[in-house]
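Note sheet for the following structure.
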């Protein structure tokens with residue numbers, strides 16, 4: 572006799588507080604820098620979360636995209652309120668983002684420097700994509716595990732010419748108008764690599780302590796970069812510098828972060844759907860270079 576049909580059990584979706592708990596196990600808030608503002612920005616703890624939308628920046632186009640997709644929660648890397656504000660009125664651009672989400676019952680959480688420092692965070696993902704081995708934190712966390720901290724330092728399986736390695740970096744990142752800038756001898760040999768996802772020109776002391784051949788980071792300002800190169804020329808001419816897009820260096824973490832959170836929630840018996848925004852929120856639209864009148868714009872990541 573045929574067995575009776577048993578329908579599949581309905582999916583169990585987590586509450587916002589249960590998502591927060593899972594995120595804490597992956598990217599503890601205790602790892603964030605003292606100036607940071609990670610954590611819940613908006614949302615009720617008891618809200619049911621079925622669809623999570625991931626992005627680097629909590630900007631209006633991302634909020635619109637999330638709402639249009641039916642997301643219950645947006646997780647961004649960058650905080651919306653990193654600096655204090657006195658109004659959340661929709662007449663301000665930050666207030667408009669928040670109103671867009673809240674009015675459609677969409678919560679917002681940010682995971683910033685805690686996601687930079689944690690194992691499997693921004694710099695770990697970038698290091699893995701570039702093929703680095705034997706990685707350690709560039710600047711170890713004061714109150715964390717030995718594997719936790721800002722940035723990573725690792726070695727390439729085989730030494731490479733700087734130009735060849737910079738080409739690998741360029742090819743690994745989402746396309747942005749600014750491209751990749753490099754300081755150093757194109758034929759210089761690099762083996763030990765230091766990385767910081769996002770801005771890292773305050774960490775040159777640690778880069779030198781690790782005796783890295785090349786340092787990859789974003790938003791390199793003129794004076795720190797110039798001083799680093801001048802100091803390098805007093806010795807071994809290292810570290811060389813590779814300056815990348817802030818947005819691009821951190822976007823690579825989003826798919827990995829989404830997968831990690833899905834697995835953590837699945838281990839607790841919960842089901843969610845994740846989507847990573849393909850909108851390029853790098854603030855630059857085009858670049859002009861010497862002898863080149865062409866302009867380049869990018870609306871989505873490659």
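Residue numbers (the numbering used here): 572 to 873.
Virtual Cβ for every residue (Gly too), placed ideally from N, Cα, C.
This one's a predicted model, so the numbers in the text were calculated from it and none came from an experiment.
Same chain, Cβ closer than 8 Å to residue 796, five either side skipped, listed in chain order | For the purposes of this step, residue 796 is identified with residue 225 of the chain shown, where counting begins at 1. Exclusion of the five residues before and after residue 796 leaves 754, 772, 812 and 814 as the residues of its chain whose Cβ lies within less than 8 Å of its Cβ.
Helix, strand or coil at residue 728 [DSSP, three-state] = Walking along the chain shown from the start, residue 728 turns up at place 157. Strand.
Three-way DSSP call (helix, strand, coil) for residue 685 in this model = Counted from its first residue, the chain shown places residue 685 at position 114. DSSP, reduced to helix, strand and coil, places residue 685 within a helical segment of the structure shown.
Kindly indicate which residue of 729, 703, 833 and 858 has the alpha-carbon position closest to the one of residue 844.
-> As a working note, residue 844 is residue 273 in the chain shown. Residue 844 has its Cα closest to that of 833, out of 729, 703, 833 and 858.
Are the Cβ atoms of residue 666 and residue 644 separated by less than 8 Å?
-> Within the chain shown, numbered from 1, the residue matching residue 666 stands at position 95. Within the chain shown, numbered from 1, the residue matching residue 644 stands at position 73. Not closer than 8 Å, so no.
Check whether the segment 745-753 touches the segment 763-770, taking contact to mean three or more Cβ pairs, one atom from each stretch, closer than 8 Å.
-> These segments do not touch.
Between the CA atoms of residue 674 and residue 695 - distance to the nearest angstrom | Position 124 of the chain shown, counted from the start, is the residue given in the question as residue 695. Position 103 of the chain shown, counted from the start, is the residue given in the question as residue 674. Approximately 36 Å, taken between the alpha carbons.
State the Cα-Cα distance for the pair residue 689 and residue 734, rounded to the nearest angstrom.
-> On the chain shown, residue 689 is found 118 positions in, with the first residue counted as 1. On the chain shown, residue 734 is found 163 positions in, with the first residue counted as 1. Going from the Cα of residue 689 to the Cα of residue 734 covers about 30 Å.
Terminal residues of the continuous beta strand (DSSP E) containing residue 752?
-> As a working note, residue 752 is residue 181 in the chain shown. Per DSSP, residue 752 belongs to the beta strand (DSSP E) from 752-754.
With a cut-off of 8 Å, do at least 3 Cβ pairs link the segment 691-710 to the segment 725-739?
-> Contact between the segment 691-710 and the segment 725-739 is present, because at least three Cβ pairs lie under 8 Å.
Beta-bridge partners of residue 526, as assigned by DSSP = Given a span of 572 to 873 for the chain in the structure shown, any question on residue 526 remains unanswerable.
Is residue 641 helix, strand or coil by DSSP?
-> Taking the chain shown and counting its residues from 1, the one referred to as residue 641 is at position 70. Under the three-state reduction of DSSP, residue 641 is assigned to coil, being neither helix nor strand.
Taking residue 819 as the reference, give the member of 792, 756 and 697 with the closest Cα.
-> Within the chain shown, the letter at position 248 stands for residue 819. Selected option, being the one with the closest Cα: 697.
Residue range of the alpha helix (DSSP H) that includes residue 742 | The residue labelled residue 742 in the question sits at position 171 within the chain shown. That run of the alpha helix (DSSP H) goes 733-743.
Kindly indicate the opening and closing residues of the beta strand (DSSP E) around residue 817.
-> As a first step, residue 817 is located in the chain shown; it is residue number 246 there, counting from the start. Not the beta strand (DSSP E): residue 817 falls in the alpha helix (DSSP H), residues 817-822.
Helix, strand or coil: which one does DSSP assign to residue 653?
-> Sequence index remark: in the chain shown, residue 653 carries index 82 (1-based). In this structure, residue 653 counts as coil in the three-state DSSP scheme.
Cβ pair residue 684, residue 604 closer than 8 Å | Counting from 1 along the chain shown, the entry for residue 684 is found at position 113. Counting from 1 along the chain shown, the entry for residue 604 is found at position 33. Contact flag set, yes.
When we look at the beta-carbon of residue 840 and count the other beta-carbons within 10 Å, is it buried (16 or more) or exposed?
-> The residue given as residue 840 occupies position 269 in the chain shown. Residue 840 comes out exposed.
Every unbroken beta strand (DSSP E) within the segment 605-642, with a cutoff of 3 residues, ordered by chain | When DSSP assignments are scanned along the segment 605-642, the uninterrupted stretches of beta strand (DSSP E) that are 3 or more residues long and fall wholly within it turn out to be 610-613 and 622-626.
Of the residues 816, 849, 607 and 853, which one's Cα is nearest the Cα of residue 653?
-> Mapped onto the chain shown, residue 653 falls at position 82. Residue 607 is the option with its Cα nearest to residue 653.
Out of 737, 676, 736 and 680, state which residue places its alpha-carbon closest to the alpha-carbon of residue 629.
-> Within the chain shown, numbered from 1, the residue matching residue 629 stands at position 58. Measuring from the Cα of residue 629, the nearest candidate turns out to be 680.
Any idea if residue 758 is buried or exposed, counting beta-carbon neighbours within 10 angstroms, 16 or more meaning buried?
-> Here the question's residue 758 lines up with position 187 in the chain shown. Exposed: under 16 other Cβ atoms inside 10 Å.
Can you give the beta carbon distance from residue 627 to residue 822, rounded, assuming they're within the 8 Å contact cut?
-> Looking up residue 627 in the chain shown gives position 56. Looking up residue 822 in the chain shown gives position 251. Yes, they are in contact, since the Cβ atoms of residue 627 and residue 822 sit about 5 Å apart, within 8 Å.
Rounded to whole angstroms, what's the CA-CA distance from residue 869 to residue 687? Just pull it up for me.
-> In the chain shown, counting from the first residue as 1, residue 869 sits at position 298. In the chain shown, counting from the first residue as 1, residue 687 sits at position 116. Confidence in residue 869 is poor, its pLDDT being 47 and thus under 50, which makes the residue's placement unreliable; the coordinate value appears in the next sentence. For residue 869 and residue 687, the distance between alpha carbons rounds to 26 Å.
Under the assumption that residue 719 contacts residue 859 (Cβ atoms under 8 Å), give the Cβ distance between them as a whole number of angstroms.
-> As a first step, residue 719 must be located in the chain shown, where it is residue number 148. As a first step, residue 859 must be located in the chain shown, where it is residue number 288. Contact flag wrong, Cβ pair sits at about 41 Å.
Whole-angstrom distance between residue 636 and residue 599, CA atom to CA atom | On the chain shown, position 28 is the one that residue 599 refers to. On the chain shown, position 65 is the one that residue 636 refers to. Roughly 28 Å between the two C-alpha positions.
Own chain residues within Cβ distance below 6 Å of residue 574, not counting five before or after = Position 3 of the chain shown, counted from the start, is the residue given in the question as residue 574. A caution first: residue 574 carries a pLDDT of 45, below 50, which makes its placement in the model unreliable, though a value can still be read off. Apart from sequence neighbours up to five positions away, no residue of its chain approaches residue 574 with a beta-carbon distance below 6 Å.
Hey, residue 769 and residue 693 are a contact pair by Cβ (cut 8 Å); roughly how many whole angstroms apart?
-> Translated into the one-based positions of the chain shown, residue 769 becomes position 198. Translated into the one-based positions of the chain shown, residue 693 becomes position 122. About 7 Å separates the beta carbon of residue 769 from that of residue 693, a gap short enough to meet the 8 Å contact definition.
Residue closest to residue 781, alpha-carbon to alpha-carbon, out of 710, 802 and 700 | Along the chain shown, read from residue 1 onward, the residue named residue 781 stands at position 210. Between residue 781 and the set 710, 802 and 700, the nearest pair of CA atoms involves 710.
Unbroken alpha helix (DSSP H) run spanning residue 528, endpoints | Because the chain spans 572 through 873 in this model, residue 528 falls outside it and cannot be assessed.
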